[in-house]
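S.K.:
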Amino acid sequence: MALLETSKYSQGSVLGSVNPDLASERQTASFSVEKLTALLDGGVEQTRIRRAVVDAIESDPVFSRENQYFQTQNERYEAAVKKAVHLQKKMHEMGWTENGPEYKYIYRALSGDVAFLLHRVFMRSISMLGSDKQIAKWIPLATQHKLIGSYAQTELGHGTYLQGLETTAVFDTATQEFILNTPKISAMKWWPGDMGRSATHTVVFAQLYVHGKCYGIHPFIVQIRSLQDHSLCPGVTAGDIGPKMNFEHIDNGYLLLKNVRIPRENMLSKFCEVRPDGTYVRQGSQKINYFTMTSVRISLIADEVLTPLMKACTIAIRYSVVRRQSKLKPGEQEAKILDYQTQQEKVLPQLAAAYAFHFTNDYLQELFNRGYREIQRKNFDMLPELHALSSGFKAMITQHCTAGVEICLRACGGHGYSLLSGLPSLYTKILASCIYEGENTILLLQTARLISSTAAKLQDLIQSGVKKHDAWNQCTVQLVQAAKAHCHYIAVKNFAETVEKLETKAGIQKIMKHLCDLFALHGIFSNTGAFLHDGYTSAAQMDMVTASYLDLLAVIRKDAVPLVDAFDFTDKSLNSALGSYDGQAYQRLYEWAQKSPTNQMSPAYERYLKPLLHNTLSKL
Amino acid sequence: MSVNADLRKERASATFQPALLTHILDGGPERTRRRKEIEALVLNDPDFQHEDLNFLSRSQRYEQAIRKSSLMVMKLREYGIADPEEIYWFKRTCLGSFPEPLGLHFSMFHKTIETQTTAAQKEKWLPLVRGVKIIGTYAQTEMGHGTHLRGLETTATYDPSTQEFILNSPTVTSIKWWPGGLGKTSNHAIVLAQLYTQGQCKGLHAFIVPIRQLGTHEPLPGITVGDIGPKFGYDEMDNGYLKMDNFRIPRENMLMKYAQVEPDGTYVKPVSDKLTYGTMVFIRSLIVGDSARSLSRACTIAIRYSAVRHQSELKPGEPEPQILDYQTQQYKLFPLLATAYAFNFVGAFIKDTYHRISGDISTGDLSELPELHALTAGLKAFTSWTANAGIEECRMACGGHGYSRCSGIPDIYVTFTPSCTYEGENTVMMLQTARFLMKSYTQMTSGQQVTGMVSYLNDLSRQRIQPQHVAARTVSVRINDPTSLVEAYKSRAARLVESAAKNLQAELNHRRSKEDAWNRTSVDLVRASEAHCHYVVVKLFAAKLAEVTDAAVRAVLTDLCLLYALFGISRNAGDFLQAGILTSAQITQVNQHVKELLAVIRPNAVALVDSFDFHDVHLGSVLGRYDGNVYENMFEWAKKSPLNKTQVHESFHKHLKPMQAKL
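Listed in order, the protein sequences are those of chains A and B.
Quick note on my numbering: the first sequence kicks off at 838 and runs consecutively.
Quick note on my numbering: the second sequence kicks off at 934 and runs consecutively.
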């Protein structure tokens, strides 16, 4: 990109020429930004492919997100459906396939702004939970979009606690069918994406009953809308659950089933099967039903959790060197707000966390791939560990990143509150991740079950005559803390190990080492109680921790802009008036605001203001 | 529909009468009665009924808000309601959690004209303002500058030949940005600008500027005005921009009660600049009250819903328990409930102090202002940060449904969160308090006594005579006694103020400039301010207990006060350990006691949120309904969603069907 420097606030648009305050930050980078980008991508070739995908998507007007902040829920939904349909064409045109190297970059390039994401989960659950015969039947239909799938697990009354789901599937031996029912209001499926308006089929999780006996939760493929005219099938009531904090483009839905009959073959039966005579057969671990969740939990970390934090850091840090406020020294120019220690203390630990969790994610991904290969061979040994780790990390990383995005938002002062900054929508989107795919507190408790740091305490209570379940409940606050600490420990350890393996050239190892130290010290600085209480750290050492921590802020400050540049987000993908590459924040804010539909004449003046001003209110 | 059985049971088992606690929060039974009377005027008025705003577009929401504003003007007059607090009760019942585009007209525009004008100006402008013949707003913030007022760039240059000021926005960054009601609603604005006269800059002054033509509402020549676009919240508010090009206003439009420009351009200086503190203190005290109220509303929703929602199992074979029975849920919500009560009392304290001191100000006694100004800056930041995080915790405590707009918590959050940045960015506020703390500390070390909330600093100088550190008094902390905990917080504040002061001195000893040293200590300084504010909050909460006459109410408030203080210690254990105020063994006891208090408060949790006495209209929440009939009403609410207007959405015909046909 050319660094054309022109007068910053000349009349007319200066967009495109780089703000000198931002340009100067780039000249002093202590490392090669391009090499760090390649490291994050996993190699130069990966960077090339990613950029090609991003370029192809962003140069296509159908995928544009321009003016998105001005659109209604209905408009956003329609645009997302249009994009999903167009994406099929685009992939064909570009020769991208689902197994190709480009595929994983498409979602990032679209910034998630596309419908039918649950279609993927639908397919994934069939591939993982279906028999070979079922896979052969359904996957081609789904691949060719002869049907649109969704995944209906959560109900109005139950979410993370799956055993509590209330939808029923009763086997009728006479007709060889399952009869699905929503017996009460709290049993209504609620929240599944793409289900409110789009999906024709969905995987319904229901309590299986055969000959009056309940066998627990099982997945069933249920058609909910006509393939001809999209009208609801008999016995099915479905619709959109209404506005949310974000995901305006997704039709999260509700679903009521009344005596809906599906053939016996529609129960996904790789691991459990109901034979024609009603015999129930289980093969392999029951827990495998949750494997879809485990895999979703891991896969969402990169796109739904890390990307928003990285984008938020990019916006906040670029804006912090463009915005000058107040004077550090009398008579000098106003200082860049990033030069204030308090500003550094807000945004730089978030930047360190973004890098730390990027490497944590690599580690988890590797672990998951190994586990997946084992499970394909019907070896379930790794499942408990995978389940515990995916739960704990999902909870810790989402919590940390969500807080981080919010800190970035507030670090941009008032302008962060404008949708045009891009930060509110990053925040409202990432915070959903704290709940979906498992509520965080509960996930941490799942991790805690696996680790033993509070085992002694539990043992004491049990011995003192408290019943085990009560004992568990009385310790849960501590258990949650222990689980978080455990995951935090692994994240620090993994970051440190990764840094050691980096090549020393190009200055990358050095800056990564600083970030790793900052990440670790920030963890101590914000939890001094835990470290002092353990007697692990003395009061004097704590003073040193604080001092080194504050010193590091000043060091990393110098590379802050190159470190966010290395994330390599295009302006289109940031979609932020404050955070674009050229740093022309104010000009862009002004130009974008003028496009707001609220700047067309509102009927409110004629209808209400005019009578008010002219005191003819009684006519209202 | 009848009240949900779980909530009925909760209410029956409370150990105190919620109405008595409501009276304390309102400031007496008579005020509770009057508040309810005024709320009933709105609730029973069919004119104020409207469809759920969540289903409307921004333009529609703006129009609804304008409609309501206009109606309110008329109805308030009809009912003869003129007391500011009573107007506030009336309006918040109309508006729920949403802002009013005419809000700044009635608050800042009116107040500024009332307090900063000469008698002649009052005579001209006040009838126009009060009769809503003109609609005004307060245009201070610019795109490039907010809290740092001296940096504002708009200019007002006096031209003696025509006796006019010429207003200009010389740069993009100088465009007025954010003022509420500026975009579409107002036809006048009070504009803050750098005054130039006789070739000299005289700093910021306020001017009344007409921006739209009366009658047609079109922008005047030389004025560019509009809406700044969508925000996180504040959908109904037309936060606006304003650009002025050689726009002329008569000399008389400068607000001239204090500073003046004479016809020939001679500038007459104001007497004291501390006077403007008054308005800032007032507005910041409102934000403290808003922190309390917003957090109280979020707690009401989350706690009622937690009593209604059953999930999972605590014991095998038993029915699913209420999620409020889980310790982790109590640990999320009860400290926030305690915080909401604490902030309610802090808000009342600041308001009373402000009214008391206002009397002094009008008689010219400004001695208490600097401390109050410093204290409200810090408390504004402390309470809004805490409430901001607390509201989010309440939302997440409601699981997935908290994320739906029907829970009402997203609205509370997006409406509340800008208070962390408006009326003084929080970090800057904390540093203002720190400046006062450092000044007091220096005063103390030079042998002078300091007074007011910082008088604990005097203890530091007394200890200096003895060889021991602050730590000497530790053993005496009794974790069951609020008064003793106040002492512990006091020691922590003293320690952190001292440590920040010493670090600041150390930087200065390194021959750094004053400003550099300040910047390099600012993280410590913010921590010191936070500790100071935390101490003030605990102190005010503990002091409130003595005022409560009903034994049952006092008992439950004491539990909450202990929980607030102990939870704060548990969360900031590092500070107390490092300073030697508490031992490791005591911290373990504190952690244990926090958990015991959760169980003690549990039976009163619903009654404690009922005591806030929010009508369902104030909550705007399906999850937090008084009757607890959550699930049925969620379904009813969702059916009204705009995506559900037709059974088959039009995008099926436009996109899906053609795609399936082609494949």
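Just so it is clear, CB atoms sit at the ideal spot from N, CA and C, and this is done for glycine as well.
#1: In the stretch 982-1016 of chain B, which residue ranges form an unbroken beta strand (DSSP E) of at least 3 residues, counting only runs that do not cross its ends?
#2: Compare the C-beta of Val1403/B against all C-beta atoms of chain A and say whether one is closer than 8 Å.
#3: Between Ile1099/B and chain A, is the shortest Cβ-Cβ distance under 8 Å, so that the two count as touching?
#4: Assuming Val1242/A and Leu859/A make a contact with CB atoms under 8 Å, what is their CB distance in whole Å?
#5: Given that His956/A touches chain B, what residues does it touch there, using C-beta distances under 9 Å?
#6: Closest Cβ-Cβ distance between Gly1079/A and chain B: below 8 Å?
#7: Is the CB-CB distance between Tyr1174/B and Thr1130/B below 8 Å?
#8: On the DSSP letters alone, give me the boundaries of the alpha helix (DSSP H) that His1055/A sits inside.
#9: Is there a Cβ of chain B sitting closer than 8 Å to that of Pro829/A, yes or no?
#10: Provide the residue span of the alpha helix (DSSP H) that contains Ile1154/A, from first to last.
#11: Looking only at its own chain, which residues have a Cβ that is under 7 Å from the Cβ of Leu978/A, when we skip the five neighbours before and after it?
#12: Leaving aside the five residues before and after Val1523/B along the sequence, list all residues of the same chain whose C-beta is less than 8 Å from its C-beta, in chain order.
#13: Quick one, are the C-beta atoms of Asp1402/A and Arg863/A less than 8 Å apart?
#14: Select from the stretch 960-981 of chain B all residues with a C-beta closer than 8 Å to any C-beta belonging to chain A, and list them in chain order.
#15: Any idea what DSSP makes of Tyr1071/B, helix, strand or coil?
#16: Counting C-beta neighbours from all protein chains within 10 Å, is the total for Leu1589/B 16 or more, i.e. buried, or is it exposed?
#17: In the stretch 1368-1386 of chain B, which residues sit with their C-beta less than 7 Å from some C-beta in chain A, listed in chain order?
#18: Does the contact criterion of 3 or more C-beta pairs under 8 Å hold for the stretch 1240-1254 of chain B versus the stretch 1190-1198 of chain B?
#19: Please check if any C-beta of chain B sits within less than 8 Å of the C-beta of Gln910/A.
#20: Rank Asn1310/A, Cys1070/A, Asn1331/A and Arg945/A by C-alpha distance to the C-alpha of Leu1282/A and give the top, closest one.
#21: Could you give the distance in angstroms between the alpha-carbon of Ala998/B and the alpha-carbon of Pro1034/B?
#22: Find the residues of chain A that neighbour Leu1576/B, judging by a C-beta separation of less than 7 Å, and give them in chain order.
#23: Just mark Leu1370/B as buried or exposed, buried being the case when its beta carbon has 16 or more other beta carbons within 10 Å.
#24: Report yes or no: is there a C-beta of chain A within less than 8 Å of the C-beta of Ala1568/B?
#25: Would a C-beta distance cut-off of 8 Å place Cys1559/B and Asp1549/B closer than the cut-off?
#26: Sort Glu903/A, Ser962/A, Lys1409/A and Met1082/A by Cα distance to Asn1103/A and report the nearest one.
#27: For Gly949/A and Arg902/A, I'd like the C-alpha separation in whole angstroms.
#28: May I have the straight-line CA-CA distance separating Gly967/A from Ile943/A, to the nearest angstrom?
#29: Here's the rule: buried if 16 or more other CB atoms are within 10 angstroms of the residue's CB, otherwise exposed. What is Arg1428/B?
#30: Residues bridged to His1038/A by DSSP?
#31: Would you call the stretch 999-1016 of chain A in contact with the stretch 1086-1104 of chain A, where contact means no fewer than 3 C-beta pairs closer than 8 Å?
#32: Within 10 Å of its beta-carbon, does Gly1166/B have 16 or more other beta-carbons around it, so buried, or fewer, so exposed?
#33: Under the rule that 16 or more other beta-carbon atoms within 10 Å means buried, what is Asp1380/A, buried or exposed?
#34: Whose C-alpha, out of Cys1238/A, Cys1249/A, Gly1416/A and Thr1179/A, is nearest the C-alpha of Asp1388/A?
#35: Tell me whether the beta-carbon of Cys1245/A lies closer than 8 Å to the beta-carbon of Ala1149/A.
#36: Measuring CA to CA, which of Gln1060/A, Tyr906/A and Asp1077/A is closest to Val1338/B?
M.R.: On the basis of the data shown:
#1: none
#2: Any reading at Val1403/B must be qualified, since the residue scores a pLDDT of 47, below 50, and its modelled position is unreliable; the value itself is stated next. Closer than 8 Å: no.
#3: no
#4: Wrong, their Cβ atoms sit about 22 Å apart, outside the cutoff.
#5: The premise fails here: His956/A is roughly 12 Å from chain B at the closest Cβ pair, so nothing lies under 9 Å.
#6: yes
#7: No, they are not a contact pair.
#8: Counting along the chain, His1055/A falls outside any alpha helix (DSSP H), though it belongs to the beta strand (DSSP E) covering Lys1050 to Gln1060.
#9: With chain A running from 838 to 1457 in the structure shown, residue 829/A is simply not present.
#10: Thr1144 to Val1159
#11: Leu984
#12: Ile1412, Leu1499, Ile1502, Ser1503, Ala1506 and Leu1515
#13: yes
#14: none
#15: strand
#16: buried
#17: Cβ contacts with chain A come from no residue of the stretch 1368-1386 of chain B.
#18: no
#19: For Gln910/A, at least one C-beta of chain B is nearer than 8 Å to its own C-beta.
#20: Asn1310/A
#21: If I take the Cα positions, the gap works out to 7 Å.
#22: Residues of chain A whose Cβ lies closer than 7 Å to the Cβ of Leu1576/B are, in chain order, Gln910, Asn911, Tyr914, Gly1033, Arg1034, Asp1077 and Asp1088.
#23: The residue is buried, with at least 16 neighbouring Cβ atoms inside 10 Å.
#24: Correcting the residue identity first, residue 1568/B is Phe in this sequence and not Ala. Yes, because at least one Cβ of chain A sits closer than 8 Å to the Cβ of Phe1568/B.
#25: The question names Cys, but residue 1559/B in the sequence shown is Tyr. Yes, these two residues count as a Cβ contact at 8 Å.
#26: Comparing Cα-Cα distances from Asn1103/A to each of Glu903/A, Ser962/A, Lys1409/A and Met1082/A, the minimum goes to Ser962/A.
#27: 11 Å
#28: 27 Å
#29: buried
#30: Gly986/A and Gln1060/A
#31: yes
#32: buried
#33: exposed
#34: Thr1179/A
#35: yes
#36: Sequence inspection shows Arg at residue 1338/B; the Val mentioned does not correspond to that position. When each option's Cα is compared against that of Arg1338/B, the closest is Asp1077/A.
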